[in-house]
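**Q** Numbering (the numbering used here), first residue to last: 31 to 175.
Here it is, the structure, as structure tokens.
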């Protein structure tokens with residue numbers, strides 16, 4: 031029961047932090063974010079380390095290589111277990127976070143019809159201004175008699 035509560039709390043924490051990371055990444059890339067999609071992808075991201083934590087907590091043969099690695103550096107067994115679990119979870123959360131950021135940017139950074147219309151209007155006005163400037167620059171000089 032203790033592992034289930036820890037796993038649930040971890041899932042909730044990773045969901046919120048994953049959603050915040052996705053929203054920050056999409057806001058940095060295109061100045062907008064999608065809250066519902068960010069939390070959905072944050073929940074998907076958090077599933078991987080939460081399942082890894084539960085599996086490593088139940089089965090010693092999964093966590094022992096990581097625990098022994100930290101014990102070789104003279105770290106106490108209790109702390110080595112925590113570090114080993116954290117390292118094991120990190121192996122799952124990094125690729126999931128990258129996936130979530132890419133998926134979030136793909137979903138949130140879609141231009142709306144209004145944005146495309148404004149962009150088109152701006153480009154056409156710039157083109158018109160440039161054509162007028164070019165026409166003035168290439169106009170024949172006035173004739174003098």
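Just so it is clear, CB atoms sit at the ideal spot from N, CA and C, and this is done for glycine as well.
Keep in mind that this is a model prediction, so the values were computed, not measured.
What residues in its chain sit with their C-beta under 7 Å from that of residue 84, if we drop five residues either side in the sequence?
**A** 33, 37.
**Q** Buried or exposed for residue 86, please, with buried defined as at least 16 other CB atoms from any protein chain shown within 10 angstroms of its CB.
**A** So residue 86 ends up on the buried side.
**Q** What's the C-alpha gap between residue 58 and residue 145?
**A** About 18 Å.
**Q** So, do the region 55–74 and the region 131–143 have three or more beta carbon pairs nearer to each other than 8 Å?
**A** With a cut-off of 8 Å, the region 131–143 and the region 55–74 count as touching, because enough Cβ pairs lie within range.
**Q** With a threshold of 16 other CB atoms inside 10 Å of the CB of residue 108, please say whether the residue is buried or exposed.
**A** By the 10 Å Cβ count, residue 108 comes out exposed.
**Q** Can you give me the C-alpha to C-alpha distance between residue 142 and residue 112, rounded to a whole angstrom?
**A** Whole-angstrom Cα-Cα distance: 47 Å.
**Q** Can you name, in chain order, every residue of its own chain whose Cβ lies under 7 Å from the Cβ of residue 82, other than the five neighbours on each side?
**A** Cβ within range, chain order: 118, 119, 122.
**Q** Hey, residue 75 and residue 103: beta-carbon distance below 8 Å or not?
**A** The answer is no: Cβ separation not under 8 Å.
**Q** Note the first and the last residue of the continuous alpha helix (DSSP H) segment covering residue 85.
**A** That run of the alpha helix (DSSP H) goes 65–88.
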